[in-house]
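Working notes for the structure below.
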């Protein structure tokens, strides 16, 4: 587990020792820092990116599950979405208390429970095609200041999405985390299989 700056404090409070802490360290208090193993704290001083961006750029992981980005501060949540848009090559799911969210690659096949809510939100102009959505998206032009695709559904559970660019967020209920992991990183071991 890698913590982005002050996320180390929350990890320790939950009984999880981060392998590394990455960020500008403006949120890492002295008590938390003292509890971390020597050599595990990595300061990146530049202020042109968020701690999540710094962390994502400095780890070599084929798949990332981001926790703690949907909290009390809306600006942090929006900044995390910006990081997803800036790094479309990284497979990353942001997990909140009730939903998971990820940047959709150009093609994606999801195996969900029948009736699962599938919401789509564009981070830039994008068009797409779908199979398995209750309301197909073919021929629609999506944009953050135009058409969005919230509250769609997967009647049979099988959904195929194709987009002209990696600019579409997919939001699913938190219970669909395993399906998202399997779709985004077919070789990854879903968290449920790890006992967590």
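Residue numbers (my numbering): 53 to 248. Note that the Cβ used here is the ideal one computed from N, Cα and C, for glycine as well. Bear in mind the structure is a predicted one, so any value in this text is a computation, not a measurement.
For residue i, the three-state DSSP class (helix, strand or coil)
i           : result
residue 121 : coil
residue 161 : strand
residue 217 : coil
residue 53  : coil
residue 246 : For residue 246, the predicted structure reports a pLDDT of 46, less than 50, and the residue's modelled location is therefore unreliable. A value from the coordinates is still provided. Helix, per DSSP.
residue 224 : strand
residue 199 : strand
residue 130 : helix
residue 72  : strand
residue 138 : helix
Heavy atom of the ligand ADP within 7 Å of residue i beta-carbon
i           : result
residue 225 : The ligand ADP is not part of this structure, which contains no ligands at all.
Whether residue i touches residue j by CB criterion (8 Å)
i           : j           : result
residue 237 : residue 154 : no
residue 170 : residue 133 : no
residue 54  : residue 96  : no
residue 144 : residue 220 : no
residue 105 : residue 80  : no
Host beta strand (DSSP E) of residue i (start-end)
i           : result
residue 208 : Looking at the DSSP string, residue 208 is not in any beta strand (DSSP E), and its letter there is neither H nor E.
residue 154 : 151-155
residue 173 : 168-174
residue 178 : 178-183
Residue closest to residue i, alpha-carbon to alpha-carbon, out of the options
i           : options           : result
residue 179 : 169, 57, 193      : 193
residue 226 : 122, 187, 159     : 122
residue 177 : 159, 198, 127, 86 : 198
Cβ distance (whole Å) where residue i is taken to contact residue j below 8 Å
i           : j           : result
residue 72  : residue 101 : Rounded, the Cβ-Cβ distance is 17 Å, inconsistent with contact.
residue 229 : residue 147 : 6 Å
Range of the contiguous alpha helix (DSSP H) that encloses residue i
i           : result
residue 233 : 229-236
residue 113 : Segment: none, residue 113 is in no alpha helix (DSSP H) and carries neither H nor E.
residue 86  : 82-87
residue 59  : 59-65
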